[in-house]
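Engineer: In full-length UniProt numbering, the protein residues as written are 1 to 355.
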Ligand code: COI
């Protein structure tokens with residue numbers, strides 16, 4: 001093996017949660033991975049240690065200037081006992097694009113994936129096997145040099161934690177209700193919209209809370225300049241079925257380049273369904289709704305997989321999509337992606353990586 005990590009086993013393993021009541025992101029496994037970066041030395045000292053709190057200097061750059069990034073992917077156990085990761089090299093590549101934007105040092109792609117594999121192997125018994133569950137993998141990097149001036153940190157920690165999860169939305173595949181956000185914006189040209197950094201999510205909380213208070217699960221963001229082009233949903237990418245075409249926003253710098261988004265587009269193309277990455281205005285969607293052409297909407301993401309949308313509210317327009325039920329395209333995409341991820345369907349695309 002190219003990379004060697006030291007392992008300290010947790011002397012007090014926890015009781016595993018009941019897969020029937022698993023929520024998203026509330027339970028954590030027995031171990032975590034940590035590796036340090038020092039300017040001049042590079043990444044070093046990769047280690048698997050018992051899961052637990054970190055000790056950080058209160059002056060650590062991450063606390064003050066939010067120099068950090070995170071990723072998300074999932075591990076599944078197939079019926080024949082294989083442990084499968086879904087497209088982990090895409091997470092490694094996106095990490096390095098985010099790192100570049102946030103002035104965080106690059107990390108070798110193989111090192112990134114090998115660290116995930118080593119940790120998942122140790123905690124493989126934590127992978128839940130009930131339909132709709134998975135072991136969510138959260139790699140992240142924080143700038144932990146103690147320094148209050150504004151410049152890139154000289155020291156970082158790359159950490160991976162694991163969380164056995166149920167569906168992101170409590171209702172699973174039950175269609176969600178979304179509110180089109182027309183007051184706050186998520187990203188604008190030249191900003192950090194396409195980077196996977198915590199600041200994007202911190203800045204989204206206010207809009208999400210206001211939408212919750214109005215009875216909506218999530219928001220649909222509009223572009224930050226004109227507030228007319230649909231961009232993405234709070235935690236995932238957005239797809240609209242208009243007539244016989246599936247449309248999604250193009251990757252023009254303000255959209256998170258989702259790995260599930262990329263998989264959805266590839267699957268649709270393979271199935272011969274028309275798909276376009278193009279700018280779409282909210283007015284076009286409202287008009288399509290009025291014309292009876294707005295057939296389906298769904299969000300895609302690692303946490304959410306495919307999450308159908310049953311209602312979309314924009315100003316006074318309340319659009320009930322496909323009678324508030326999951327549509328055939330969303331259902332087929334969910335079955336295909338989840339089937340490949342869990343090894344139930346053949347992996348024609350070569351997307352899964354065995355641990
Ligand atoms: C994911 O889907 O993995 C995400 O990172 C979204 C989220 C839970 C913040």
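Every residue, glycine too, gets a C-beta built ideally from N, C-alpha and C.
Nothing here was measured: the structure is a model prediction, and the numbers come from that model.
#1: Comparing C-alpha positions only, which one of 98, 307, 336, 139 sits nearest to residue 193?
#2: Kindly indicate which three-state DSSP category residue 201 falls into: helix, strand or coil?
#3: Where are the alpha helix (DSSP H) runs, 4 residues long or more, that stay fully inside the stretch 46–77, in chain order?
#4: Can you give me the Cβ contacts of residue 91 inside the same chain, cut-off strictly under 6 Å, excluding the 5 residues immediately before and after it?
#5: Going by C-alpha to C-alpha distance, which of 259, 246, 260, 179 sits closest to residue 315?
#6: Alpha carbons only, please: which of 107, 86, 89, 88 is nearest the one belonging to residue 96?
#7: Can you look up residue 226 in the DSSP assignment and give me helix, strand or coil?
#8: If you draw a straight line from the alpha carbon of residue 143 to that of residue 63, how long is it in whole angstroms?
#9: Is residue 195 near the ligand COI, going by C-beta to nearest heavy atom under 7 Å?
#10: Would DSSP call residue 320 helix, strand or coil?
#11: What three-state label does DSSP hand residue 38 in the structure shown?
#12: Based on Cα-Cα distance, which residue from 235, 253, 19 lies nearest to residue 300?
#13: Return the CA-CA distance between residue 17 and residue 211, expressed in angstroms with no decimal places.
#14: What residues sit near the ligand COI, counting only those whose C-beta is closer than 5 Å to one of its heavy atoms, in chain order?
#15: Return the chain-ordered list of same chain residues with a C-beta closer than 8 Å to the C-beta of residue 26, the five sequence neighbours on each side being excluded.
#16: How many angstroms separate the CA atom of residue 119 from the CA atom of residue 129?
#17: Using three-state DSSP, classify residue 249 as helix, strand or coil.
#18: Express the C-alpha separation of residue 244 and residue 252 in angstroms, rounding to a whole number.
#19: With a threshold of 16 other CB atoms inside 10 Å of the CB of residue 153, please say whether the residue is buried or exposed.
#20: How long is the line joining the alpha carbons of residue 248 and residue 277, rounded to whole angstroms?
#21: Cα-Cα, which of 224, 45, 219, 11 is closest to residue 237?
#22: Just the Cα atoms here: how many angstroms apart are residue 322 and residue 305?
#23: Look at the Cβ atom of residue 209, then the Cβ atom of residue 221, and state whether they are nearer than 8 Å.
#24: Less than 8 Å separating the beta-carbons of residue 161 and residue 32?
#25: Classify residue 197: buried if its beta carbon has 16 or more other beta carbons within 10 angstroms, exposed otherwise.
#26: Check whether the stretch 76–84 and the stretch 337–347 touch, using three or more Cβ-Cβ pairs below 8 Å as the test.
#27: With respect to the beta strand (DSSP E) encompassing residue 152, which residues constitute its N-terminal and C-terminal limits?
#28: Skipping 5 residues on each side, what residues in its chain have a beta carbon closer than 8 Å to that of residue 125?
#29: Taking 6 Å as the limit between beta carbons, can you name the residues of its chain near residue 76, skipping five residues before and five after?
Structural biologist: To lay it out plainly:
#1: Among 98, 307, 336, 139, the Cα nearest to that of residue 193 belongs to 98.
#2: For residue 201, the secondary structure class from DSSP, reduced to helix, strand or coil, is helix.
#3: Correct list: 61–65.
#4: The residues 71, 73, in chain order, have a CB closer than 6 Å to that of residue 91 in the same chain once the five nearest residues on each side in sequence are set aside.
#5: Ranking 259, 246, 260, 179 by Cα distance to residue 315 puts 179 first.
#6: Comparing alpha carbon positions, the residue from 107, 86, 89, 88 closest to residue 96 is 107.
#7: It is coil, neither helix nor strand.
#8: The alpha-carbon atoms of residue 143 and residue 63 are separated by roughly 9 Å.
#9: The ligand COI has no heavy atom closer than 7 Å to the beta-carbon of residue 195.
#10: Three-state DSSP puts residue 320 in a strand.
#11: The three-state reading of DSSP puts residue 38 in strand, counting E and B together.
#12: Put simply, of 235, 253, 19 the residue whose alpha carbon is nearest the alpha carbon of residue 300 is 235.
#13: Per the coordinates, the alpha-carbon of residue 17 lies some 31 Å from the alpha-carbon of residue 211.
#14: Residue selection by CB proximity (closer than 5 Å to any heavy atom of the ligand COI) returns 72, 235, 301, 302, 303 in chain order.
#15: For residue 26, same chain residues with a beta-carbon under 8 Å away, outside a window of 5 residues either side, are 163 in chain order.
#16: When rounded, the distance between both Cα atoms is 18 Å.
#17: In the three-state reduction of the DSSP assignment, residue 249 falls in the coil class, being assigned neither a helical nor a strand state.
#18: CA-CA distance, residue 252 to residue 244, rounds to 24 Å.
#19: That one is buried.
#20: Distance between the alpha carbons of residue 248 and residue 277 is about 5 Å.
#21: Selected option, being the one with the closest Cα: 219.
#22: Taking the straight line from one Cα to the other gives about 20 Å.
#23: For residue 209 and residue 221, no; Cβs fall outside 8 Å.
#24: Cβ distance < 8 Å, so residue 161 and residue 32 count as in contact.
#25: Looking at its Cβ environment, which holds 16 or more other Cβ atoms inside 10 Å, residue 197 is buried.
#26: Taking 8 Å as the limit for Cβ pairs, the verdict is that the stretch 337–347 does touch the stretch 76–84.
#27: That residue, residue 152, is in no beta strand (DSSP E); it is neither H nor E in DSSP.
#28: For residue 125, same chain residues with a beta-carbon under 8 Å away, outside a window of 5 residues either side, are 16 in chain order.
#29: For residue 76, where only same-chain residues beyond five positions count, the Cβ hits under 6 Å are 84, 134, 341, 342.
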